[in-house]
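Counting from 17, one number per residue, gives the positions in the sequence shown under the working numbering.
Note that the Cβ used here is the ideal one computed from N, Cα and C, for glycine as well.
Below you'll find the structure, written out as structure tokens, and then a few comments.
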Amino acid sequence: MIDIQSVNHILISRTDNIGDVILTLPLAIQFKQMYPNIKITFLAQDYTRALVEACPAIDEFLSWNVLSSMKQSEAIKTLQDKKLDCIIHAFPNKEIARLAKKAKIPYRIGTRRRWYHFIYCNDRINFSRAKSELHEMQLNMKLLSAFHIRVQDEINDLSQLNFLKIHTALPERLKKFLSPDRFNLIIHPLSNGNSREWPISNFIALIK
């Protein structure tokens, strides 16, 4: 059982795609609302940095591109220097799980659905993404059950959370595509193939 009084700094690890990173930010938001004095660092790929840093709940960004390029001893020291008390593996990654244990992070939270978490994690949450009908945001919230706290996990409540605070003005070259007096719909069709695709015909119907 996690002693929350001993936790001053947590690391949320989400090193896959930008869409999944977005859907993990509500986890950080809710945790920060409950424990505003606990520092939250977010481990992710560099191309998601601007998005992560725009989340008001995140105090620091840690680059997986940089960490993964280090020698193991250097990566372990980097984690140790952060003085982390807890890591939440929002996206399972065997190498990160191994590094976290070698860095002796006291609380290491992950899903029971990865065999290596039985070696590297000491708090394992039992849920399946593949067989669940819940939204990814709701599934991420299950990881907070390790802290035995009550969280909002209704999809409508989660979608209303203030994920981002944009501090940078939109570049002039992009402003010309937007109309300030009309509703602007931005379409981002297709993905990198890691999930089921929405047909182009559906995007066309949405635009119409």
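In terms of CA proximity to P196, L186 leads the group P205, L186 and H204. Counting only the Cα atoms, P205 lies some 35 Å from Y132. A distance below 8 Å separates the beta carbons of Q61 and T31. N53 and E188 have their alpha carbons spaced roughly 38 Å apart.
The beta carbon of A106 lies closer than 7 Å to those of I28, S29, R30, T40, L43, N156 and L159 in the same chain, with the five residues before and after it left out. The Cβ neighbour count for K147, taken over all protein chains shown within 10 Å, is under 16; the residue is labelled exposed. W214 counts as exposed, since fewer than 16 other beta carbons sit within 10 angstroms of its beta carbon. The Cβ-Cβ distance between D101 and H25 falls below 8 Å. Judged by DSSP secondary structure, K110 falls within the alpha helix (DSSP H) whose first and last residues are K110 to K118. In this model, L180 and L190 are separated by some 19 Å (Cα to Cα). Counting the other Cβ atoms within 10 Å of the Cβ of I135 gives fewer than 16, which makes it exposed. H105 has S29 as its beta-bridge partners, per DSSP. Ranked by how close their Cα comes to the Cα of P108, the residues D19, T57, C137 and R212 have C137 in first place. Annotated three-state conformation of K93 is helix, per DSSP. The three-state reading of DSSP puts K55 in strand, counting E and B together. The beta-carbon separation of N208 and N33, rounded to 7 Å, stays under the 8 Å limit for a contact.
Less than 8 Å divides the Cβ of A73 from the Cβ of K48.
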